[in-house]
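2 protein chains.
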Amino acid sequence: MPRTQRVDAQANRGRILDVAEEVFGASGAAASTEEVARRAGVGIATVFRHFPTKAALLQAVLVRRYDRLREQAEALLGAEDPGSAFRDFFRHLVADAATKIAIGEALLHAGGDSDGEAAQASNGLRRAVGALLQRAQRAGAVRDDVELPEVYALLVAMSRLATDAEVTARALEIVFDGLAEVTGGGRRTVRP
Amino acid sequence: MPRTQRVDAQANRGRILDVAEEVFGASGAAASTEEVARRAGVGIATVFRHFPTKAALLQAVLVRRYDRLREQAEALLGAEDPGSAFRDFFRHLVADAATKIAIGEALLHAGGDSDGEAAQASNGLRRAVGALLQRAQRAGAVRDDVELPEVYALLVAMSRLATDAEVTARALEIVFDGLAEVTGGGRRTVRP
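The listed protein sequences correspond, in order, to chains F and G.
42 is the number that full-length UniProt numbering gives to position 42 of the first sequence; each next residue is one higher, with no gaps.
162 is the number that full-length UniProt numbering gives to position 162 of the second sequence; each next residue is one higher, with no gaps.
This is the structure we're talking about:
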């Protein structure tokens, strides 16, 4: 393939993924590959040349999304205030979760599974969150008797909450207080 | 209907509900009314006399369940340690949630909805949790700048968590710490 055609193909692939993320993120399993093609301004054959099945397209959308979030987390590892960086990214993931869940459901509906590449990319994100957590703990901003499993469990739990943003924000403050290193007494012990 | 027949009918109804709660709580939408009849030792006609549709049966199971949990919460309003009572009941609801979710999914699958009677019973439970929360706040065991919406949001979030019991228990301790009234500084403000 000549270079310009390769560049075009790459641009098409990127645009298809952008549109697919938006369309499936908003409508989940109800969205169609045809709609993605139309809104991306390409023929349906072009979509299927890049992604032979709807499941393959959705898998690629999820992988790219996890990779992007992981990169964002990694960029925050250099932030000045490790406690704020950890909390801000936690909030960001929770706010972002509804579209992620919609895409994941569309993938299941299309007969795909969330194992394989998407699971690997998801683990990469989890590790990056773990690094943010450790950095916040070393800075004394997060208590050091908690570990990633319970923190990620809270993140997943809060991500699935479909309530209004204000209530979610308040619930998150409670969680962050529970995670905070405090000087006063009366603290419970998460990991003795 | 003569009195003994009425008593028998009432006993059958109770047994059908007991079995249905167990069967649908374990298997969700995959369970059948036939299995309920068989395990309750009654004919399928008897089940349908009490509950004309599968949805009606599941609705009745959910209502009874919410009512029972509400009564348990109300009984705890007399507990000596209001903080422990609140946390114990919170834990109890989270531990109990998987079967509740399975029954709710079976109800949706059977074409029923969770409005109506079940929603009313669910609101009764929510109010009882609110009373436990207020009592814990008055006793100084739970911070008084939180209100029921964010606390219930946390309860719902933790209830949907399908992770192992130990991780859930640790995540709950973090939440309880976030809810605790603490004397030290550095506390965030949930409701200014």
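For each residue, glycine too, the CB sits at the ideal point set by N, CA and C.
These figures come from a predicted structure and were not determined experimentally.
Measure the C-alpha to C-alpha separation of residue i and residue j and round it to an integer number of angstroms.
| i | j | result |
| --- | --- | --- |
| residue 59 of chain F | residue 51 of chain F | 10 Å |
| residue 142 of chain F | residue 167 of chain F | 23 Å |
| residue 30 of chain F | residue 76 of chain G | 45 Å |
| residue 95 of chain G | residue 88 of chain G | 10 Å |
| residue 123 of chain F | residue 6 of chain G | 59 Å |
| residue 4 of chain F | residue 65 of chain F | 27 Å |
| residue 106 of chain G | residue 17 of chain G | 14 Å |
| residue 8 of chain F | residue 42 of chain F | 12 Å |
| residue 24 of chain F | residue 160 of chain G | 23 Å |
| residue 67 of chain F | residue 144 of chain F | 28 Å |
| residue 130 of chain G | residue 149 of chain G | 9 Å |
| residue 12 of chain G | residue 100 of chain G | 22 Å |
| residue 136 of chain F | residue 182 of chain F | 14 Å |
| residue 97 of chain F | residue 71 of chain G | 35 Å |
| residue 134 of chain G | residue 22 of chain G | 33 Å |
| residue 38 of chain F | residue 10 of chain F | 18 Å |
| residue 2 of chain G | residue 93 of chain G | 40 Å |
| residue 34 of chain F | residue 165 of chain F | 33 Å |
Output, in chain order, the set of chain G residues within a Cβ distance shorter than 7 Å of residue i.
| i | result |
| --- | --- |
| residue 150 of chain F | 167, 170, 171, 174 |
Please state whether the Cβ-Cβ distance between residue i and residue j is less than 9 Å.
| i | j | result |
| --- | --- | --- |
| residue 146 of chain F | residue 15 of chain G | no |
| residue 179 of chain F | residue 151 of chain F | yes |
| residue 102 of chain G | residue 27 of chain G | yes |
| residue 156 of chain G | residue 163 of chain F | yes |
| residue 176 of chain G | residue 132 of chain G | no |
| residue 40 of chain F | residue 47 of chain F | yes |
| residue 128 of chain G | residue 73 of chain G | yes |
| residue 49 of chain G | residue 172 of chain G | no |
| residue 57 of chain G | residue 118 of chain G | no |
| residue 53 of chain F | residue 112 of chain F | yes |
If the cut is a Cβ gap below 9 Å, which residues of chain G does residue i touch?
| i | result |
| --- | --- |
| residue 161 of chain F | 153, 154, 156, 157, 160 |
Just to check my reading of the structure: residue i and residue j have Cβ atoms closer than 8 Å, yes? What is that Cβ distance to the nearest angstrom?
| i | j | result |
| --- | --- | --- |
| residue 104 of chain G | residue 62 of chain G | 7 Å |
| residue 139 of chain F | residue 78 of chain F | Not quite, the Cβ-Cβ distance comes to about 13 Å (not below 8 Å), so this is no contact. |
| residue 44 of chain F | residue 154 of chain G | The Cβ separation is near 45 Å, so there is no contact. |
What does residue i reach in chain G if we use C-beta pairs closer than 8 Å?
| i | result |
| --- | --- |
| residue 146 of chain F | 170, 174 |
Given that residue i touches chain F, what residues does it touch there, using C-beta distances under 8 Å?
| i | result |
| --- | --- |
| residue 140 of chain G | Simply none; closest approach about 10 Å. |
Kindly list, in the order they appear in chain F, the residues whose Cβ is closer than 9 Å to that of residue i.
| i | result |
| --- | --- |
| residue 179 of chain G | 174, 177, 178 |
Does the distance between the C-beta of residue i and the nearest non-hydrogen atom of the ligand ZN fall short of 8 Å?
| i | result |
| --- | --- |
| residue 71 of chain F | The ligand ZN is not among the ligands present in this structure, which contains no ligands whatsoever. |
Segments of 4+ residues assigned as alpha helix (DSSP H) that fall wholly inside the stretch 90 to 155 of chain F:
117 to 138
Which ranges would you report for the alpha helix (DSSP H) in the stretch 30 to 63 of chain F if only whole runs of at least 4 residues count?
33 to 40, 44 to 50
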